[in-house]
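> All residue numbers for the sequence shown refer to my numbering, where the first residue is 12 and numbers rise by one. This is the structure, below, for whatever I ask next.
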Amino acid sequence: MDKTMPQKKDHKFIELKNYMGALKKKANPQSRLIAVLHKTQELYGYLDREIMEHISEFMNIPSAHIWGVATFYHYFNLKPQGKYVISVCMGTACFVKGAELILNKLKKELKIDLGETTPDNLFTLKEARCLGACGLAPVVMVNGEIFGELDQKSIMGLIKTLNKNTEGGVS
Ligand code: FES
Numbered sequence: 012m013d014k015t016m017p018q019k020k021d022h023k024f025i026e027l028k029n030y031m032g033a034l035k036k037k038a039n040p041q042s043r044l045i046a047v048l049h050k051t052q053e054l055y056g057y058l059d060r061e062i063m064e065h066i067s068e069f070m071n072i073p074s075a076h077i078w079g080v081a082t083f084y085h086y087f088n089l090k091p092q093g094k095y096v097i098s099v100c101m102g103t104a105c106f107v108k109g110a111e112l113i114l115n116k117l118k119k120e121l122k123i124d125l126g127e128t129t130p131d132n133l134f135t136l137k138e139a140r141c142l143g144a145c146g147l148a149p150v151v152m153v154n155g156e157i158f159g160e161l162d163q164k165s166i167m168g169l170i171k172t173l174n175k176n177t178e179g180g181v182s
């Protein structure tokens, strides 16, 4: 029996296991940790603590080192993400055009702080540096899509639209 792997049989875990198995055949597999973390996040949306433990065992890397890497890079999510990840640009151009007002409005209306997710798992709130669309400032990005020239009213209009698109619940 393979003692180093969990009893989980879900397809995501099997894919991750196969991915790590392929890396282990290469030279210095431990140096591929970031690739494994990227793959984990791609599959699960965040770095699940239990899965991290299994990566530690399978790749023979101390879990403290894995967590050190995971927390060093802002790219990695350590908690489950909402269906819609809203990143408010706080770069200079957006800031001078009212990004902070938009961020505060979102915090107040969604009743969450930065890095948090609404209890219905619909929205996660983040901040970002320049998103490369300064001409449209202030800007937010929702799941990779840019929305610009926002104010406190239009950002709530966007939230309403996203809510409407999810009627029936989060899948
Ligand atoms: S500062 Fe916000 S897009 Fe550049």
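We put the CB at the ideal spot given by N, CA and C, even for glycine. Note that the coordinates shown come from a computational prediction; the quantities given were computed from them, not determined experimentally.
1) When the Cα atoms are used, what is the spatial distance from Ile166 to Lys36?
2) Can you have a look at Lys14 and say buried or exposed, based on whether 16 or more other CB atoms are within 10 angstroms of its CB?
3) What residue from Tyr86, Phe87, Arg60 and His85 has the CA that sits closest to Ala75's CA?
4) Can you find the residues in the same chain that come closer than 6 Å, C-beta to C-beta, to Met12, ignoring five residues on each side of it along the sequence?
5) Rounded to whole angstroms, how far is the Cβ of Met70 from the Cβ of Pro40, which I believe are closer than 8 Å?
6) For the region 93-138, list the alpha helix (DSSP H) runs that are entirely contained and at least 4 residues long, ordered along the chain.
7) Can you check which of these residues, Asn174, Ala38, Ile72 and Phe106, is closest to Ser151 by C-alpha distance?
8) If you run the structure through DSSP and keep just helix, strand and coil, what is Glu68?
9) What number of angstroms, rounded off, separates the C-alpha of Phe134 from the C-alpha of Gln163?
10) Three or more C-beta pairs closer than 8 Å, one from the region 124-132 and one from the region 141-161: is that the case here?
11) What residues in its chain sit with their C-beta under 8 Å from that of Leu173, if we drop five residues either side in the sequence?
12) Going by beta carbon distance, what residues of the same chain come within less than 8 Å of Ile113, once the five residues before and after it are set aside?
Reading from the atomic positions:
1) Taking the first residue of the sequence shown as position 1, residue 166 is located at position 155. Taking the first residue of the sequence shown as position 1, residue 36 is located at position 25. In a straight line, the C-alpha of Ile166 is about 49 Å away from that of Lys36.
2) Residue mapping note: residue 14 aligns to position 3 of the sequence shown, counting from 1. Here Lys14 scores only 44 on pLDDT, less than 50, and its place in the model should not be relied on; the value that follows carries that caveat. That one is exposed.
3) Looking up residue 75 in the sequence shown gives position 64. The shortest C-alpha separation from Ala75 is found at Arg60.
4) Residue 12 sits at position 1 when you count from the first residue of the sequence shown. Any reading at Met12 needs caution, since the residue's pLDDT is 41, under 50, leaving its predicted position unreliable; the model's value is listed next. Within its own chain, no residue has a Cβ closer than 6 Å to the Cβ of Met12 once the five positions on either side in sequence are excluded.
5) As a position in the sequence shown, residue 70 is number 59, starting the count at 1. As a position in the sequence shown, residue 40 is number 29, starting the count at 1. Yes, they are in contact, since the Cβ atoms of Met70 and Pro40 sit about 6 Å apart, within 8 Å.
6) Taken in chain order, the complete alpha helix (DSSP H) segments of 4 residues or longer contained in the region 93-138 are 103-107 and 110-121.
7) As a working mapping, residue 151 is identified with position 140 in the sequence shown. The sequence given here has Val at residue 151, not Ser. It is Phe106 whose Cα lies nearest to the Cα of Val151.
8) The count along the sequence shown starts at 1 and reaches residue 68 at position 57. It is helical.
9) Position 123 of the sequence shown, counted from the first residue, corresponds to residue 134. Position 152 of the sequence shown, counted from the first residue, corresponds to residue 163. Looking at the two C-alpha atoms, the distance is approximately 17 Å.
10) no
11) Stepping through the sequence shown from its first residue, residue 173 is reached at position 162. Only Tyr95, Leu133, Phe134 and Val153 meet the Cβ criterion.
12) By one-based count along the sequence shown, residue 113 stands at place 102. Val99, Pro149, Val151, Leu161, Asp162, Gln163 and Ile166, listed in sequence order.
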